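Asks: Below is the structure I would like to discuss, written out as structure tokens.
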Amino acid sequence: SSSASVYSLEKPEPPYHVFTLAKKKQLVYIVSLAGLFSPLSSNIYFPALGQIATDLKVSISLVSLTITVYMIVQGLAPSFWGPLSDTQGRLYADTFTGTFVVYLIANVGLAFNNSFAALMLFRGIQAAGSAATISVGAGVIGDITTARERGGLIGIFGGIRMMGQSIGPVFGGIITQFLGFRAIFWFLFGLGALTLGLILMLLPETLRSVAGNGTIPLKGIQRPFLYKYEPYPDYMAMTAEDNAPKKKFTFTSIVAPLRFLFEKDVFVSLFFGSIVYTVWSMVTSSTTDLFQSRFGLNDLQVGIAFLPNGAGCVAGSYLTGYLMDYDYRTVEAQYRKAKGIADDVKLNKKTLSDFPIEKSRLRNIWWIVLVFVLTTAFYGFSLNLNQIAIPLLLQFFIAYSATAVFSLNSALIIDLYPGASASATAVNNLMRCSVGAIGVAFVQLIIDAIGAGPTFLLFALITLGLSPLLLVEWFYGEGWRLARTARLAAEEERKKAADVEK
97 SSSASVYSLE KPEPPYHVFT LAKKKQLVYI VSLAGLFSPL SSNIYFPALG QIATDLKVSI
157 SLVSLTITVY MIVQGLAPSF WGPLSDTQGR LYADTFTGTF VVYLIANVGL AFNNSFAALM
217 LFRGIQAAGS AATISVGAGV IGDITTARER GGLIGIFGGI RMMGQSIGPV FGGIITQFLG
277 FRAIFWFLFG LGALTLGLIL MLLPETLRSV AGNGTIPLKG IQRPFLYKYE PYPDYMAMTA
337 EDNAPKKKFT FTSIVAPLRF LFEKDVFVSL FFGSIVYTVW SMVTSSTTDL FQSRFGLNDL
397 QVGIAFLPNG AGCVAGSYLT GYLMDYDYRT VEAQYRKAKG IADDVKLNKK TLSDFPIEKS
457 RLRNIWWIVL VFVLTTAFYG FSLNLNQIAI PLLLQFFIAY SATAVFSLNS ALIIDLYPGA
517 SASATAVNNL MRCSVGAIGV AFVQLIIDAI GAGPTFLLFA LITLGLSPLL LVEWFYGEGW
577 RLARTARLAA EEERKKAADV EK
């Protein structure tokens with residue numbers, strides 16, 4: 097039909113990326129393993145708080161400030177690494193490799209540390225190295241996937257990454273109980289070194305200005321040690337127009353992604369996600385003190401008590417990946433029907449500006465937020481029932497629903513900025529961790545003042561009160577995105593015209 101021809105080309109359109117789905121999954125597994133270190137390094141530490149306070153002769157509330165420092169740096173660091181990754185490459189010497197070198201140095205410093213000041217310093221450096229792996233990993237996924245297949249792979253990325261939430265406290269409890277808290281950092285050093293070796297051996301450069309859609313041969317540090325290039329047919333190669341030139345990394349590159357926050361649709365999505373992240377972070381960061389004081393748990397038992405939270409994180413991310421793929425297919429079918437496009441006609445990505453990507457990501461978020469609000473509201477009061485299974489079960493559902501929101505949020509941000517996915521994810525991280533750090537810094541003071549029950553009820557009500565922001569994004573997000581696309585296109589045309597006049 098004539099309407100269908102608008103969405104097709106006379107010659108075959110080059111694929112977004114030439115890697116098979118199996119190859120894409122392999123790369124996602126590798127970057128997910130790298131991304132594991134941010135939540136793992138944060139959560140493996142929780143069961144050791146009491147022992148660290150005793151060893152360094154400071155209060156546990158003072159040691160808890162290192163969690164706040166970790167979260168602040170966790171939010172700030174990707175703002176440097178993300179733009180570096182989007183301009184110079186995912187495997188550039190200063191990006192993936194650089195983050196791991198920083199991380200390994202920090203763990204050695206923490207292992208030999210004997211003062212609280214040094215603990216604060218090296219925890220910040222550790223966060224600077226580990227946090228960047230998430231934004232760089234998201235950049236890789238943005239490079240090689242289309243919106244249609246991205247949901248499931250984002251789910252895998254988040255699911256493996258969130259295993260750190262599950263296994264981290266257990267390993268932390270075991271290591272602290274039998275070897276002391278310093279052994280935690282030697283464990284992280286060894287695991288980090290092995291992962292860096294795996295990246296250098298298997299992960300190719302994917303930045304599209306360097307590697308295109310996978311048809312451009314890689315050279316030098318862009319190549320993994322185990323690399324075999326296979327020539328592809330000419331029709332699969334990207335055109336010069338599609339293959340944007342590599343950009344320079346400047347101070348402006350670091351500051352530029354912050355402009356994302358001034359885009360209405362981006363800010364609305366990130367701000368609500370940061371509130372959910374903050375409330376969930378307050379639940380996890382207060383677990384050690386609440387459970388040790390109320391249930392008399394030792395370090396190992398506290399570590400085990402974090403398992404439901406971690407299991408909820410893994411399930412929330414992994415299952416939400418499948419949900420996103422299903423929702424995308426459903427919205428795509430509705431879009432095809434509305435536009436009169438046959439099912440066998442491939443949608444050209446260049447003509448999809450009016451595709452309602454916001455609705456495909458937010459279609460099922462309403463019940464996820466409802467689960468989060470209800471379980472958080474009852475969580476604090478459940479601690480008074482002296483039945484440890486009840487608050488642990490509620491922690492599972494809090495973590496499940498919170499991580500589901502994170503996954504939907506992350507996929508939408510990458511969809512809105514596919515060419516700068518690492519920078520967009522870095523801004524997402526900055527917003528979440530900045531707000532989260534404030535919450536973690538004050539949660540114990542609020543619990544001490546009014547009790548755990550009223551504290552978490554209060555924050556559940558705050559989340560509920562801000563949930564209409566999702567309706568704003570649902571009804572106005574597409575219009576804001578289209579207006580931004582038109583504005584950026586006009587700016588680009590003016591820039592080209594100015595260059596011609598020169």
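Numbered per this note's numbering, the sequence shown finishes at 598, counting up by one with no gaps.
For every residue, glycine included, the Cβ atom is placed at its ideal position computed from N, Cα and C.
Note that the structure is a prediction, hence the values are computed from the model and not measured.
#1: Pick helix, strand or coil for P110, following the three-state DSSP scheme.
#2: Determine the burial state of L508: buried for a count of at least 16 other Cβ atoms within 10 Å of its Cβ, exposed for fewer.
#3: Pairs of beta-carbons, one from the segment 563-573 and one from the segment 354-367, closer than 8 Å: are there three or more?
#4: From this set, I256, A279 and I156, which residue's C-alpha is nearest F267's C-alpha?
#5: Since G264 is in the alpha helix (DSSP H), which residue starts that stretch and which ends it?
#6: DSSP on D450, reduced to helix/strand/coil?
#7: Determine the contact status of A243 and P174, defining contact as a CB-CB distance below 8 Å.
#8: So what does DSSP say about F321, is it helix, strand or coil?
#9: By how many angstroms is the C-alpha of L560 removed from the C-alpha of R459?
#10: Taking a contact to mean a Cβ-Cβ separation below 8 Å, would you say M495 touches G408 in this structure?
#11: Just to confirm before moving on: does the CB-CB distance between S413 and G254 stay below 8 Å?
#12: To the nearest angstrom, report how far apart E109 and E245 are at their CA atoms.
#13: Going by beta carbon distance, what residues of the same chain come within less than 7 Å of A336, once the five residues before and after it are set aside?
#14: Checking 8 Å against the spacing of the C-beta atoms, do L123 and I240 come in under that value?
#15: Output the distance between the C-alpha atoms of G535 and F451, rounded to the nearest integer angstrom.
#16: Since I believe P313 is in contact with S143 (beta carbons under 8 Å), could you give me their beta-carbon distance rounded to a whole number of angstroms?
#17: Where does the unbroken alpha helix (DSSP H) through R219 begin, and where does it stop?
#18: Start and end of the alpha helix (DSSP H) containing G286?
#19: Here's a check: name, in chain order, each residue in its chain whose Cβ is nearer than 8 Å to the Cβ of A155, leaving out the five neighbours to either side.
#20: Report the CB separation of Q273 from L396 in whole angstroms; it is logged as a contact under 8 Å.
#21: Expressed to the nearest angstrom, what Euclidean distance is found between the alpha-carbon atoms of K591 and V127?
#22: With burial defined as no fewer than 16 other Cβ atoms inside 10 Å of the residue's Cβ, what is the status of V204: buried or exposed?
#23: Let me confirm a value: W376 is counted as buried when at least 16 other C-beta atoms fall within 10 Å, else exposed. Which label applies?
#24: Determine the closest residue to L470 out of R257, L443, F552 and D544, with distance taken between C-alpha atoms.
#25: Where do the ends of the alpha helix (DSSP H) carrying T116 lie?
#26: Beta-carbon separation of L158 and I256 under 8 Å?
#27: Can you check which of these residues, V379, G547, R457 and K435, is closest to L488 by C-alpha distance?
#28: For the segment 380-388 against the segment 536-545, do three or more pairs of beta-carbon atoms, one drawn from each stretch, fall closer than 8 Å, so that the two count as touching?
#29: Would you call the CB atoms of S634 and V410 closer than 8 Å?
#30: Going by C-alpha to C-alpha distance, which of V372, Y418 and I464 sits closest to G248?
#31: Are the beta-carbon atoms belonging to V523 and L357 less than 8 Å from one another?
#32: Is the beta carbon of N309 sitting closer than 8 Å to the one on P111?
#33: Beta-carbon within less than 7 Å of L490's beta-carbon, same chain only, minus the 5 sequence neighbours each way: which residues are those?
Replies: Working from what's here:
#1: coil
#2: buried
#3: yes
#4: A279
#5: M259 to L275
#6: coil
#7: no
#8: coil
#9: 18 Å
#10: Note that residue 495 is Ala in the sequence shown here, rather than Met. Yes, these two residues count as a Cβ contact at 8 Å.
#11: yes
#12: 18 Å
#13: Caution is warranted here: a pLDDT of 39 is assigned to A336, below 50, making its placement in the model unreliable, and no coordinate value can be reported.
#14: yes
#15: 37 Å
#16: A small correction: the amino acid at residue 143 is Pro; Ser does not occupy that position in the sequence shown. Actually they do not touch by this definition, with Cβ atoms about 48 Å apart.
#17: F212 to I240
#18: R278 to L298
#19: Inspection of the sequence shows that residue 155 is occupied by Ser rather than by Ala. For S155, where only same-chain residues beyond five positions count, the Cβ hits under 8 Å are A149.
#20: 4 Å
#21: 36 Å
#22: exposed
#23: buried
#24: F552
#25: Note, T116: premise wrong, no alpha helix (DSSP H); not H, not E.
#26: no
#27: V379
#28: yes
#29: Limits of the chain in this structure are 97 at one end and 598 at the other, which puts residue 634 out of reach.
#30: Y418
#31: yes
#32: yes
#33: T471, F474, Y475 and S478
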